[in-house]
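Chains as they are written, first to last, in the working numbering: chain A, 2 to 176; chain B, 1016 to 1297.
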Amino acid sequence: METILNTNVEIKVGFKLNGLLYEKSIPANWTLLQLLRDGLGYYGTKCGCEIGECGACTVLLNGQAINSCLVLAPQIEGAEIWTIEGVADSINSLHPVQRIFIEYDAVHCGFCTPGMIMSTIALLLENSSPDENTIKTALAGNLCRCTGYVQIIEAVKKLSGIITEKDLEKFRYSE
Amino acid sequence: MTKYKTINPTTLDEALETLNGCNVMPIAGGTDLLVKFYEVYGKSLPKLVVLDGLIPLHEIKTENDRISLGPLVTFSEIENSPELRKAAPQLVQAASVAGSVQIRNRATIGGNIANGSPSGDLIPPLYVLNAELELSSVNGRRSIPIDKFFKGPGITVLEKNELITSISFDKTFENGFFLRLATRKALAISKVSVAANYSMQNGTITNVRIALGAVAPTVIRAPRTEEYLSGKELNDNVLSTAAKLIKEEAKPISDIRSIADYRREMVGVLLKRGLNGIPQSE
Ligand SMILES: Cc1cc2nc3c(=O)[nH]c(=O)nc-3n(C[C@H](O)[C@H](O)[C@H](O)COP(=O)(O)OP(=O)(O)OC[C@H]3O[C@@H](n4cnc5c(N)ncnc54)[C@H](O)[C@@H]3O)c2cc1C
Ligand code: FES
Ligand code: FES
């Protein structure tokens, strides 16, 4: 299903967000993070440092994890973006990555969680059974001030046994 | 609200034409530019030329024994290129330790060079690969060796209306390494880095090229150490002397990231580790 949402002001960008097509006019100096939060009201993507250091703003851009605070909105013309809001298929059926994070106590205050989950999905897209070092490298750009990381790493290890291509296919980018 | 304009060209000519205007600058991955944008440019914000749409500038090309990279090739693309892994191991090692996954997916080689930081991690590898840069503007093209490009920290010979349009070097198939020290493994800028390229023939080292990052106003070569090592057998004595020599060639300063003495000491340590084949620790 594809819907075109139109709002009006300033520079125009067309992009796909969580499977829906958008065309939106926005101030040209907005970052993707501002577009998501202030422009579209998707507050799931968190705003931490705004300089690429914390990973709270991580989203998928064409299948890759990126910091949305360091992408200028006009740079996403034609791009495909996934945020935490698009991860579960419905409110009643959490995605396996979300379920395992909860099961393993990998969520404490939850501020880092949307970013952690998007980085985890990006990792699983490349490698569905990563070893511990690969997991650490993949999550090195996401800071967590609560868990001490152990639960998060255990959760991602657990996922390698149970994640299926069906759980990942919607996030895959095909040009 | 202060606003800046952005322009999304799809051809190089269009981009160069736009860059030839007043108060305009290019944006590639934006990982340097967006961090310092407001701080540096304050209220007189330039127009930004978004380079993403210039498809040929994203390519890694091979012609005979030469490899050329478009300036928009990202750190991740370098890290994952089987061709570069063989032909330019030091460049691949540098690309894979910089920043974080998120940064590597956006940061480009052209941005790393144009930014002109002495701690830019791809620069020492490009020095030891003897890379050539192609610079283009509405007035034409020129070619310049990488070691003639930098004038000081953040200062380069790039004219305001010029783009770096290609970075090329010979495939080496020799030995090479890149090692760095930073406050932590991820998301930290190098305090010191060492890159090298060399051949081993009958147990002796030849064709040695060594470059040092973050220990002088620009990346520098270490010619005296290179000369000393040339033709030697790599034993403990030789490595210790080389480490001593290279410490004298480094001209570090003390700043927020480290102090001069530590940097000088570590240049020697990294050289020894690299020549001993010790990889960047996980
Ligand atoms: C959190 C974080 C961590 C980082 N870690 C590292 C690290 O470990 N190692 C490291 O080396 N760097 C690091 N950086 C710095 C940065 O990511 C790199 O320098 C990167 O290569 C810059 O490329 P870019 O495409 O993002 O450049 P941009 O920000 O788009 O541009 C940088 C400058 O170059 C100019 N420019 C870009 N492309 C061209 C071109 N083709 N021709 C002419 N001018 C051009 C722009 O106008 C601008 O002035 C880090 C940055 C952040 C935010
Ligand atoms: S808010 Fe983007 S990395 Fe911290
Ligand atoms: S759970 Fe609080 S920052 Fe990670």
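Heads up, the beta-carbon is just placed ideally off N, CA and C, and yes, glycines get one too. This structure is a prediction, so every number in the text was calculated from the model and none was measured.
Run the CB neighbour count on residue i, radius 10 Å, all protein chains shown included, and call it buried at 16 or more, exposed below.
| i | result |
| --- | --- |
| R1157(B) | exposed |
| L73(A) | buried |
| P1140(B) | buried |
| I1070(B) | exposed |
| M119(A) | buried |
| N9(A) | Only weak support is given to the placement of N9(A): the predicted model assigns it a pLDDT of 35, under 50, and the question is left unresolved by the model. |
| R1239(B) | exposed |
| E1177(B) | buried |
| E1291(B) | Strictly speaking, residue 1291(B) in this sequence is Asn, with Glu absent from that position. Classification for N1291(B): exposed. |
| F1188(B) | exposed |
| M1215(B) | exposed |
| K1076(B) | exposed |
| T1198(B) | exposed |
| D1136(B) | buried |
| S1134(B) | buried |
| E1094(B) | buried |
| K1163(B) | exposed |
Between which residues of its own chain and residue i is the CB-CB distance below 7 Å, once the five residues before and five after are set aside?
| i | result |
| --- | --- |
| G1068(B) | N1023, P1024 and T1025 |
| P115(A) | G45, T46, K47 and I85 |
| N19(A) | W83, T84, E86 and G87 |
| F172(A) | L61, G64, W83, I122 and L126 |
When every heavy atom of ligand 3 is checked, does at least one fall within less than 6 Å of the C-beta of residue i?
| i | result |
| --- | --- |
| C145(A) | yes |
| H109(A) | yes |
| C113(A) | yes |
| T1025(B) | no |
| T1198(B) | no |
| T148(A) | yes |
What do you reckon, is the C-beta of residue i under 6 Å from a heavy atom of ligand 1?
| i | result |
| --- | --- |
| E1029(B) | no |
| D1136(B) | yes |
| T1046(B) | yes |
| G1114(B) | yes |
| E1092(B) | no |
| T1021(B) | no |
| E155(A) | no |
| N1145(B) | no |
Between the Cα of residue i and the Cα atoms of the options, which residue gives the shortest distance?
| i | options | result |
| --- | --- | --- |
| G1218(B) | L1227(B), A1237(B), L1249(B) and T1198(B) | L1249(B) |
| E1241(B) | N1222(B), P1232(B), V1230(B) and G1228(B) | N1222(B) |
| L61(A) | L33(A), K137(A), G15(A) and G162(A) | L33(A) |
| P1232(B) | D1251(B), A1203(B), A1257(B) and E1264(B) | E1264(B) |
| P131(A) | V157(A), C58(A) and V151(A) | V157(A) |
| L1048(B) | G1228(B), Q1108(B), V1172(B) and I1128(B) | I1128(B) |
| V1153(B) | I1293(B), I1093(B) and A1030(B) | A1030(B) |
| I67(A) | V1116(B), E1174(B), V1088(B) and Q1295(B) | V1116(B) |
| L1144(B) | G1228(B), L1072(B) and P1160(B) | P1160(B) |
Quick one: is the Cβ of residue i within less than 6 Å of any heavy atom of ligand 2?
| i | result |
| --- | --- |
| N68(A) | yes |
| G1292(B) | no |
| A141(A) | no |
| G45(A) | no |
Beta-carbon within less than 6 Å of residue i's beta-carbon, same chain only, minus the 5 sequence neighbours each way: which residues are those?
| i | result |
| --- | --- |
| G40(A) | I27 |
| V88(A) | H96 |
| M2(A) | Low confidence applies here, because M2(A) scores a pLDDT of 29, under 50, leaving its location unreliable; read the following figure in that light. For M2(A), where only same-chain residues beyond five positions count, there are no Cβ hits under 6 Å. |
| D168(A) | P97 |
| K1287(B) | L1254 and A1258 |
| Y174(A) | N63, G64 and E81 |
Considering only DSSP beta bridges, list what residue i is partnered with.
| i | result |
| --- | --- |
| Y44(A) | Paired residues: none, contrary to the question. |
| V1065(B) | I1042(B) |
| K13(A) | S26(A) |
| Y1213(B) | N1190(B) |
| V179(A) | Past the edges of chain A, shown from 2 to 176, lies residue 179(A), and the structure says nothing about it. |
| N68(A) | T59(A) |
Report all residues from its chain with a CB closer than 8 Å to the CB of residue i; omit the five preceding and five following residues, and keep chain order.
| i | result |
| --- | --- |
| N143(A) | C55, G56, A57, T59, C113, G116, M117 and S120 |
| V1107(B) | I1093, E1094, S1096, L1099 and R1100 |
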